[in-house]
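Peer 1:
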Amino acid sequence: MFSYLNRGGAFYRNVAKLALPIVLQNLCTTMLGLVDTFMVGALGEAPLAAVLVANIPVFIIQLIIFGLQSGSSVLISQFWGKGDTDSINRVIGLGAYVAGAISLLFASVMFFFPVQLMGLLADNAELVPLAAQYARIVGFSYIFNSLTGVYVGAHRAMENPKLGTFVFACSMVANTFLNWVFIFGNLGAPAMGVQGAAFATLLSRILEFIITISYALTNRRFRMKPALMIRPGKILIQKFIRYSGPVVLNETLWGIGASMYKVVMGHMEGSTEILAARALAGNVEDLCTVIVFAISGTTAIIIGREIGAGRRDSVYEIGATLDTLAFFCGLIIGLPMVACAWLVFPDLLYPFFHLSPTAGRITTMMLTFIGSLLAVRSFETVNIVGVLRGGGDVRTATAIDLMPMWFVSLPLAALFGLVLEWGIFWVYVGMVSEYFIKFTVGLIRLRSGRWIRDVTRLSEP
Numbered sequence: 002m003f004s005y006l007n008r009g010g011a012f013y014r015n016v017a018k019l020a021l022p023i024v025l026q027n028l029c030t031t032m033l034g035l036v037d038t039f040m041v042g043a044l045g046e047a048p049l050a051a052v053l054v055a056n057i058p059v060f061i062i063q064l065i066i067f068g069l070q071s072g073s074s075v076l077i078s079q080f081w082g083k084g085d086t087d088s089i090n091r092v093i094g095l096g097a098y099v100a101g102a103i104s105l106l107f108a109s110v111m112f113f114f115p116v117q118l119m120g121l122l123a124d125n126a127e128l129v130p131l132a133a134q135y136a137r138i139v140g141f142s143y144i145f146n147s148l149t150g151v152y153v154g155a156h157r158a159m160e161n162p163k164l165g166t167f168v169f170a171c172s173m174v175a176n177t178f179l180n181w182v183f184i185f186g187n188l189g190a191p192a193m194g195v196q197g198a199a200f201a202t203l204l205s206r207i208l209e210f211i212i213t214i215s216y217a218l219t220n221r222r223f224r225m226k227p228a229l230m231i232r233p234g235k236i237l238i239q240k241f242i243r244y245s246g247p248v249v250l251n252e253t254l255w256g257i258g259a260s261m262y263k264v265v266m267g268h269m270e271g272s273t274e275i276l277a278a279r280a281l282a283g284n285v286e287d288l289c290t291v292i293v294f295a296i297s298g299t300t301a302i303i304i305g306r307e308i309g310a311g312r313r314d315s316v317y318e319i320g321a322t323l324d325t326l327a328f329f330c331g332l333i334i335g336l337p338m339v340a341c342a343w344l345v346f347p348d349l350l351y352p353f354f355h356l357s358p359t360a361g362r363i364t365t366m367m368l369t370f371i372g373s374l375l376a377v378r379s380f381e382t383v384n385i386v387g388v389l390r391g392g393g394d395v396r397t398a399t400a401i402d403l404m405p406m407w408f409v410s411l412p413l414a415a416l417f418g419l420v421l422e423w424g425i426f427w428v429y430v431g432m433v434s435e436y437f438i439k440f441t442v443g444l445i446r447l448r449s450g451r452w453i454r455d456v457t458r459l460s461e462p
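With the working numbering applied, the sequence shown corresponds to residues 2 to 462, in that order.
Below is the structure:
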C-alpha cells in the first residue's frame with residue numbers, strides 16, 4: 002500500500018539536507034515571535050492582545066511575501082534545474098518590485114492612519130490605542146523584511162536554504178536583545194513597552210537587510226545581474242504573472258481570511274482574553290509546524306527541480322511520498338501537543354504569560370483543536386504549497402486553498418461567533434472545517450496527475 006515510500010536512503014538524505022536549514026530558519030522566525038509574546042506578555046493581557054491586533058496587517062504582509070517566495074519558487078526551482086540563472090535574476094527583480102511596493106503601501110497606511118485601522122480590527126477601547134502605538138512603528142520594518150524575503154526565498158529555491166537560516170538567526174538574536182533593552186528600559190534606554198517591541202523589530206529587520214545585501218554583493222554561487230533585475234523582459238513578466246500571480250493572490254486572500262478570524266474574535270464578548278489566548282496558541286502552533294512547512298518548501302524545490310530537469314516520470318511518487326511524510330509528522334507532533342495542552346502548559350507555561358484562568362482555558366481548547374487536526378492540516382498544506390505549486394498547477398492550488406476558507410469556514414465562524422454568539426469553541430469548529438475539504442479535494446487532484454507542468458518554456462503565451 003505504501004510501496005511508493007521505498008525510495009532509498011539517498012532520496013531521504015536529500016530531503017533532510019534541504020529541509021533541515023528550512024526547519025532552522027522557520028524555528029528562528031517562530032522563536033522570535035514566541036520571545037516577543039513572552040516579553041510583551043510580561044506587561045499584561047491587554048498589551049499582549051493589542052500586539053496581536055496590530056500584527057494583523059503585518060501578518061497579511063508576511064503572507065504576501067510568502068506568496069511571492071512560493072510563486073517565484075515555482076519558476077526559480079525549474080530554471081535552476083535547467084541552469085538558467087539569467088531568468089532567475091529576472092524573477093528576483095520582479096519579486097523585489099512587487100514586495101517593495103506592497104510593503105511600502107501597508108507601512109504608509111499603518112503610519113498615517115493607525116488608530117482608524119486598529120479600530121476596524123478590534124472593537125475594544127482598551128486595545129486600540131496600544132495597538133496603534135505598535136503598528137505605527139512596526140509597519141516600516143516589513144519594507145526591509147520583504148526585500149530580504151524575496152532574495153532569501155530565491156536561494157532556498159536554488160537549494161541554498163542555509164542563507165535564510167543565518168540571516169534570520171541573526172535577526173532573532175538582535176530582536177530578542179533589543180526587546181530586552183527597549184521594552185523594559187535596560188542599559189539606560191527608556192522603558193517603551195509595546196512601542197519598544199516595535200522599535201526592536203524595526204532595527205532587527207534593518208540588520209537582516211544589511212546582511213542580505215552584503216551576501217548578495219559577495220556571493221559567487223549565484224551572481225546578481227542588476228541589468229536583468231531592473232529590466233526583466235516581457236516574456237518573463239508574462240510567466241511571472243501567469244505562475245506567480247495566482248500564488249501571490251492565494252497567499253494575500255488566505256492571509257486576509259486568516260486575519261478575519263482574529264477580527265471575529267476581536268468583536269466577541271471577552272475579546273481581550275480570547276485574543277491573548279490566540280496570541281499564545283498561535284505561537285505554539287507555529288513552533289509545532291516548522292517541520293511541516295519545511296517539508297512543504299522542500300517538496301516544491303524537489304518537484305520543481307525534477308520537472309525542470311526533464312525527470313517527469315518520478316514526480317507523482319515523490320509528491321505522494323512527501324505528502325505522506327507530512328501526515329505522519331503531523332501525527333507525531335500533534336498528539337503530544339494535545340497532551341501538553343491539558344497536562345503541562347496550564348501549570349508551567351500559562352503563568353509566564355500572566356494569562357487569566359479564562360484565557361488559559363481558551364488556550365487549552367485552541368491547542369486541542371490544533372493538535373488533533375495537525376496530521377490532516379499537514380497533508381493538505383504540503384500537497385497544496387509543495388506538490389501542486391511545485392508542479393506548476395498554481396491555479397488549481399489557489400482554488401483548493403481559498404474556496405473552503407471563504408465559502409465555508411469564514412461564514413461559519415462569523416455566524417457562530419457574531420450572529421448566534423455561541424462562543425469561541427464554535428468559532429473554532431467553523432475555522433477547522435476547511436481542513437477536511439482541502440484534504441479530500443487535494444487528494445483527488447494529486448491522484449489525477451494533471452498537476453505536473455513544465456513552466457519554463459518561455460515561448461508559451
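Built from N, CA and C at the ideal position, the CB exists for glycine as well.
#1: Tell me the DSSP secondary structure of Leu76 in three-state form.
#2: So is Ile308 buried or exposed if we call it buried at 16+ other beta carbons inside 10 Å?
#3: Quick one: Cα of Val16 to Cα of Gly391, how far?
#4: For Ile453, which of helix, strand or coil comes out of DSSP?
#5: Our contact map puts Val409 next to Ser449 with C-beta atoms below 8 angstroms; I'd like the distance itself, whole angstroms only.
#6: Helix, strand or coil for Leu188? Go by DSSP, reduced to three states.
#7: Buried or exposed for Thr219, please, with buried defined as at least 16 other CB atoms from any protein chain shown within 10 angstroms of its CB.
#8: Using the Cα positions of Ile371 and Thr31, report the straight-line distance between them to the nearest angstrom.
#9: Who are the Cβ neighbours of Thr177 in its own chain at under 6 angstroms, not counting the five residues just before and after it?
#10: Suppose you measure from the CA of Pro462 to the CA of Leu121; what does that come to, to the nearest Å?
#11: Below 7 angstroms between beta carbons: does that hold for Ala277 and Ala360?
#12: Are the CB atoms of Gly208 and Ala175 nearer to each other than 7 angstroms?
#13: What does the Cβ neighbour count give for Thr84, buried or exposed, with the cut at 16 atoms within 10 Å?
#14: With a cut-off of 7 angstroms, does the C-beta of Leu122 fall near any C-beta of chain D?
#15: Pick helix, strand or coil for Phe113, following the three-state DSSP scheme.
#16: Beta-carbon within less than 6 angstroms of Cys29's beta-carbon, same chain only, minus the 5 sequence neighbours each way: which residues are those?
#17: How big is the Cα-Cα spacing for Phe210 and Gly72?
#18: Using beta-carbon positions only, say whether Gly418 and Met269 come within less than 7 angstroms of one another.
#19: Could you check what DSSP says for Arg222 in three-state terms: helix, strand or coil?
#20: For Ala282 and Thr364, which I take to be in contact (beta-carbon distance under 8 angstroms), what is that distance rounded to the nearest angstrom?
#21: Looking only at its own chain, which residues have a Cβ that is under 6 angstroms from the Cβ of Leu204, when we skip the five neighbours before and after it?
#22: Report buried or exposed for Leu188, applying the criterion of at least 16 other Cβ atoms within 10 angstroms of its Cβ.
#23: Compare the Cα-Cα distances from Asn384 to each of Met406, Phe328, Arg157, Pro412 and report the closest residue.
#24: Starting from the C-beta of Ser357, find all residues in its chain whose C-beta is less than 7 angstroms away, skip the five residues before and the five after it, and write them out in chain order.
#25: Report the residue ranges of all beta strand (DSSP E) runs contained in full by the segment 342 to 410; include only those spanning at least 3 residues, in chain order.
#26: Along the alpha helix (DSSP H) that carries Leu288, what are the first and last residues, could you check?
#27: Closest by CA to Leu413, which one among Pro337, Asp402, Val265?
#28: Give the straight-line distance between the Cα atoms of Ile103 and Gly10, rounded to the nearest whole angstrom.
#29: For Glu480, does the three-state DSSP call read helix, strand or coil?
#30: Taking just the CA atoms, how far does Tyr216 sit from Arg91?
#31: Would Thr253 pass as a contact of Ile65 if the rule is Cβ separation under 7 angstroms?
Peer 2: In short, the structure shows the following:
#1: In the sequence shown, counting from the first residue as 1, residue 76 sits at position 75. Leu76 sits in a helix when the DSSP states are folded into three classes.
#2: By 1-based counting over the sequence shown, the position of residue 308 is 307. It counts as buried.
#3: The residue labelled residue 16 in the question sits at position 15 within the sequence shown. The residue labelled residue 391 in the question sits at position 390 within the sequence shown. Taking the straight line joining both Cα atoms gives about 15 angstroms.
#4: As a working mapping, residue 453 is identified with position 452 in the sequence shown. In the structure shown, Ile453 falls within a coil segment according to DSSP collapsed to helix, strand and coil.
#5: As a first step, residue 409 is located in the sequence shown; it is residue number 408 there, counting from the start. As a first step, residue 449 is located in the sequence shown; it is residue number 448 there, counting from the start. Contact doesn't hold; Cβ gap of about 22 angstroms is too wide.
#6: On the sequence shown, residue 188 is found 187 positions in, with the first residue counted as 1. Annotated three-state conformation of Leu188 is coil, per DSSP.
#7: The count along the sequence shown starts at 1 and reaches residue 219 at position 218. Thr219 comes out exposed.
#8: In the sequence shown, the residue the question calls residue 371 occupies position 370. In the sequence shown, the residue the question calls residue 31 occupies position 30. Approximately 16 angstroms between the Cα atoms of the pair.
#9: As a first step, residue 177 must be located in the sequence shown, where it is residue number 176. Val36.
#10: As a first step, residue 462 must be located in the sequence shown, where it is residue number 461. As a first step, residue 121 must be located in the sequence shown, where it is residue number 120. Residue placement at Pro462 cannot be trusted, given a pLDDT of 38 that sits under 50; the coordinates are not used to answer.
#11: Taking the sequence shown and counting its residues from 1, the one referred to as residue 277 is at position 276. Taking the sequence shown and counting its residues from 1, the one referred to as residue 360 is at position 359. Yes, the pair counts as a contact, with Cβ atoms nearer than the cut-off.
#12: Residue 208 sits at position 207 when you count from the first residue of the sequence shown. Residue 175 sits at position 174 when you count from the first residue of the sequence shown. One detail in the question is off: residue 208 reads as Leu in this sequence, not Gly. Their beta carbons are under 7 angstroms apart, which means Leu208 touches Ala175 by this criterion.
#13: As a working mapping, residue 84 is identified with position 83 in the sequence shown. According to the sequence shown, residue 84 is Gly rather than Thr. Residue environment for Gly84: exposed (fewer than 16 other C-beta atoms within 10 angstroms of its C-beta).
#14: In the displayed structure, chain D is absent; only one protein chain is listed.
#15: Mapped onto the sequence shown, residue 113 falls at position 112. The three-state reading of DSSP puts Phe113 in helix, counting H, G and I together.
#16: One-based indexing of the sequence shown puts residue 29 at position 28. Here the set comprises Phe169, Ala170, Met173.
#17: Residue mapping note: residue 210 aligns to position 209 of the sequence shown, counting from 1. Residue mapping note: residue 72 aligns to position 71 of the sequence shown, counting from 1. Cα to Cα, Phe210 sits roughly 21 angstroms from Gly72.
#18: For this step, residue 418 is matched to residue 417 along the sequence shown. For this step, residue 269 is matched to residue 268 along the sequence shown. The answer is yes: Cβ separation under 7 angstroms.
#19: Counting from one through the sequence shown, the residue named residue 222 turns up at place 221. Coil at Arg222, not helix or strand.
#20: Position 281 of the sequence shown, counted from the start, is the residue given in the question as residue 282. Position 363 of the sequence shown, counted from the start, is the residue given in the question as residue 364. Yes, they are in contact, since the Cβ atoms of Ala282 and Thr364 sit about 5 angstroms apart, within 8 angstroms.
#21: Looking up residue 204 in the sequence shown gives position 203. Closer than 6 angstroms at Cβ, skipping near neighbours: Leu179.
#22: Within the sequence shown, the letter at position 187 stands for residue 188. Exposed, because fewer than 16 other Cβ atoms sit within 10 Å of the Cβ of Leu188.
#23: Here residue 384 refers to the residue found at position 383 of the sequence shown. Of the listed residues, the one whose Cα sits closest to Asn384 is Phe328.
#24: One-based indexing of the sequence shown puts residue 357 at position 356. Closer than 7 angstroms at Cβ, skipping near neighbours: Glu46, Glu274.
#25: Entirely contained in the segment 342 to 410, not one beta strand (DSSP E) run reaches 3 residues.
#26: Sequence index remark: in the sequence shown, residue 288 carries index 287 (1-based). Residue range 272 to 289 is occupied by the alpha helix (DSSP H) that includes Leu288.
#27: For the purposes of this step, residue 413 is identified with residue 412 of the sequence shown, where counting begins at 1. When each option's Cα is compared against that of Leu413, the closest is Val265.
#28: For the purposes of this step, residue 103 is identified with residue 102 of the sequence shown, where counting begins at 1. For the purposes of this step, residue 10 is identified with residue 9 of the sequence shown, where counting begins at 1. Taken atom to atom, the span from the alpha-carbon of Ile103 to that of Gly10 is near 43 angstroms.
#29: Nothing can be reported for residue 480, as the shown portion of the chain is limited to 2 through 462.
#30: Taking the first residue of the sequence shown as position 1, residue 91 is located at position 90. Taking the first residue of the sequence shown as position 1, residue 216 is located at position 215. Roughly 18 angstroms separates the two Cα atoms.
#31: Start at 1 with the first residue of the sequence shown, and residue 253 comes out as number 252. Start at 1 with the first residue of the sequence shown, and residue 65 comes out as number 64. Closer than 7 angstroms, so yes.
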